[in-house]
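Q:
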Amino acid sequence: MHAIAIYDLDKTITYAPTWTSFLVATARTQNPWRLALLPFAGVATLCYALKMVDRAGLKQVTQRLMLGNGWQDSHATQAVAAFADRVAADGVYAGARAAIAADRAAGRRIVLATASYAFYAGAIAERLGFDDVIGTGVVREDGRLRARIDGENCYGPAKLRMIEAWMAGEGIARSVAVIRFYSDHVSDAPTLEWADEAFAVNAHGPLRLLARARGWTIVDWER
1351 MHAIAIYDLD KTITYAPTWT SFLVATARTQ NPWRLALLPF AGVATLCYAL KMVDRAGLKQ
1411 VTQRLMLGNG WQDSHATQAV AAFADRVAAD GVYAGARAAI AADRAAGRRI VLATASYAFY
1471 AGAIAERLGF DDVIGTGVVR EDGRLRARID GENCYGPAKL RMIEAWMAGE GIARSVAVIR
1531 FYSDHVSDAP TLEWADEAFA VNAHGPLRLL ARARGWTIVD WER
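The numbering of the sequence shown is the numbering used here, which starts it at 1351 and goes up by one.
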């Protein structure tokens, strides 16, 4: 039997969403002039709120604005390491650290499943002791990161599909796995329903209501 603990990242493990913070921190360090494009990123976010663009499109637009469409791998490596160091040091709930440690002590395989880009979420996961990472992919060409998602945006029902694909790749049948899943957001309801043990962590209102209706464990982690 495979014991697996799967965690969402943003606002489940971390205090705050990571993508915008990563974009701003990286632009400030590598291309400060791109900070002048932040208002256009704000317009893109408004378009998302108005359902004129989906989440995947929003990611791609903001990546192009703040990082460019041909970000060199060497520059990305530097930015990712610096950002992951900061998040791991100062941006993680103490309760998340304790839960990860407890799951590891109980013999569970620790997996991060996040809508964030895997190219930087993986570095955060490594610093926190995760075994595996499932996240949104990015197109890489000629030693550069393009402002295009590779495959699906790991969000909502797509996250569950990507977890199932990862399990298939690892040779783990669902029937021989006991899975717990931690998330803060109702968009992860498909995976919470699918898990054997569901944890609504730092849950926003809609998830808190759903968790009460479903009998899922509700946890609020302190900083």
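The beta-carbon is built from N, C-alpha and C at its ideal position, and this holds for glycine as well.
Indicate whether Lys1361 and Asn1552 have their beta-carbon atoms separated by less than 8 angstroms.
A: yes
Q: State whether the segment 1384 to 1403 contacts the segment 1454 to 1471, with contact taken as three or more CB pairs (one from each stretch) at a distance under 8 angstroms.
A: no
Q: Work out the CA separation of Leu1396 and Gly1428 for me, nearest whole Å.
A: The displayed chain sequence assigns Gln, not Gly, to residue 1428. Gln1428 and Leu1396: Cα-Cα distance of roughly 30 angstroms.
Q: Expressed to the nearest angstrom, what Euclidean distance is found between the alpha-carbon atoms of Asp1404 and Ala1375?
A: 24 angstroms
Q: Is the beta carbon of Thr1368 closer than 8 angstroms to that of Ser1525?
A: no
Q: Just the C-alpha distance for Asn1381 and Asp1570, rounded to the nearest angstrom, thanks.
A: 38 angstroms
Q: Name the DSSP bridge partner or partners of Phe1372?
A: Bridge partners of Phe1372: none, in fact.
Q: Using 8 angstroms as the cut-off, can you tell me whether the segment 1411 to 1431 makes contact with the segment 1503 to 1521, which would need three or more C-beta pairs spanning the two stretches below that distance?
A: no
Q: Cα separation between Met1512 and Arg1378?
A: 33 angstroms
Q: Does the segment 1434 to 1445 come into contact with the segment 1467 to 1484, if we say contact requires no fewer than three beta-carbon pairs (one atom in each stretch) closer than 8 angstroms?
A: Contact check between the segment 1434 to 1445 and the segment 1467 to 1484: three or more CB pairs, one atom from each, fall below 8 angstroms, which counts as touching.
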